[in-house]
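Here the structure is laid out as structure tokens; the discussion comes afterwards.
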Ligand SMILES: [Fe+2]
Ligand SMILES: [Fe+2]
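Numbering (the working numbering), first residue to last: 14 to 179.
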């Protein structure tokens with residue numbers, strides 16, 4: 014999938030990155046099941062550090078930009094429904110992502126015990142189950158709409174705001 018609008022393309026690339034990260038997470042959960050892995054295992058440690066590094070950007074920053082700039086832009090163009098629906102989904106996803114990042118802080122300090130592993134599986138599965146369909150929905154519905162609607166001046170302004178001031 015490729016978008017002409019650079020803001021859409023950037024968000025699409027972030028969706029692809031977070032979907033790949035969620036697939037890693039789901040595979041690790043499926044592989045270990047009831048047996049808590051060693052958090053120092055290189056593959057597990059890499060997953061934990063990728064989640065801790067990427068989720069704040071892929072969830073907090075990305076969602077905040079969509080809400081502040083894109084949903085409001087669509088609202089002004091007469092389409093409030095899609096932004097309201099996607100904002101509602103953000104409200105479900107945000108606390109799960111934040112709780113997982115916080116738990117990862119504990120795990121990196123103390124490792125997994127049975128309780129921390131059970132909590133990691135629960136939150137990780139929940140995050141995978143809501144974030145992947147959300148990102149796919151935006152790829153299919155939100156980004157093509159913006160790609161059609163947005164004029165080059167607005168595109169440049171938003172691209173600068175989101176990408177060049179990272
Ligand atoms: Fe979103
Ligand atoms: Fe998004």
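Ideal Cβ positions, reconstructed from N, Cα and C, are used throughout, including at glycine.
Boundaries (first-last residue) of the alpha helix (DSSP H) holding residue 110: Start at 1 with the first residue of the chain shown, and residue 110 comes out as number 97. Note, residue 110: alpha helix (DSSP H), 94 to 123.
Would you list the residues whose beta-carbon is nearer than 6 Å to any heavy atom of ligand 2, in the order they occur in the chain? 24, 28, 75, 79, 148 and 151
Going by beta carbon distance, what residues of the same chain come within less than 8 Å of residue 123, once the five residues before and after it are set aside? Here residue 123 corresponds to residue number 110 of the chain shown, with the count starting at 1. Cβ within range, chain order: 129.
Is it buried or exposed for residue 101, if we count other Cβ within 10 angstroms and need 16 for buried? For this step, residue 101 is matched to residue 88 along the chain shown. Classification of residue 101: exposed, given that the 10 Å Cβ count is below 16.
Indicate whether residue 25 and residue 35 have their beta-carbon atoms separated by less than 8 Å. The residue you call residue 25 lines up with position 12 of the chain shown. The residue you call residue 35 lines up with position 22 of the chain shown. No, Cβ-Cβ distance for residue 25 and residue 35 is not below 8 Å.
Cβ of residue 156 versus every heavy atom of ligand 1: is any distance shorter than 7 Å? Position 143 of the chain shown, counting from 1, holds the residue named residue 156. The answer is no for residue 156.
With residue 175 as the anchor, note down where its alpha helix (DSSP H) starts and where it stops. By one-based count along the chain shown, residue 175 stands at place 162. Run containing residue 175: none; DSSP gives neither H nor E here.
Please state whether the Cβ-Cβ distance between residue 99 and residue 173 is less than 8 Å. As a working mapping, residue 99 is identified with position 86 in the chain shown. As a working mapping, residue 173 is identified with position 160 in the chain shown. Not in contact: residue 99 and residue 173 (Cβ atoms no closer than 8 Å).
Note the first and the last residue of the continuous alpha helix (DSSP H) segment covering residue 161. What you label residue 161 is simply residue 148 of the chain shown in a count that begins at 1. 156 to 162 is the extent of the alpha helix (DSSP H) around residue 161.
Pick out whichever of 93, 92 and 138 has its Cα sitting closest to the Cα of residue 112. In the chain shown, residue 112 corresponds to position 99, counting from 1. Ranking 93, 92 and 138 by Cα distance to residue 112 puts 138 first.
Compute the beta-carbon to beta-carbon distance between residue 37 and residue 60, rounded to the nearest angstrom, for a pair I have assumed lies under 8 Å. Here residue 37 corresponds to residue number 24 of the chain shown, with the count starting at 1. Here residue 60 corresponds to residue number 47 of the chain shown, with the count starting at 1. Going by Cβ atoms, the distance from residue 37 to residue 60 rounds to 6 Å, so yes, they are a contact pair.
Range of the contiguous alpha helix (DSSP H) that encloses residue 133: Translated into positions along the chain shown, residue 133 becomes position 120. Residues 127 to 150.
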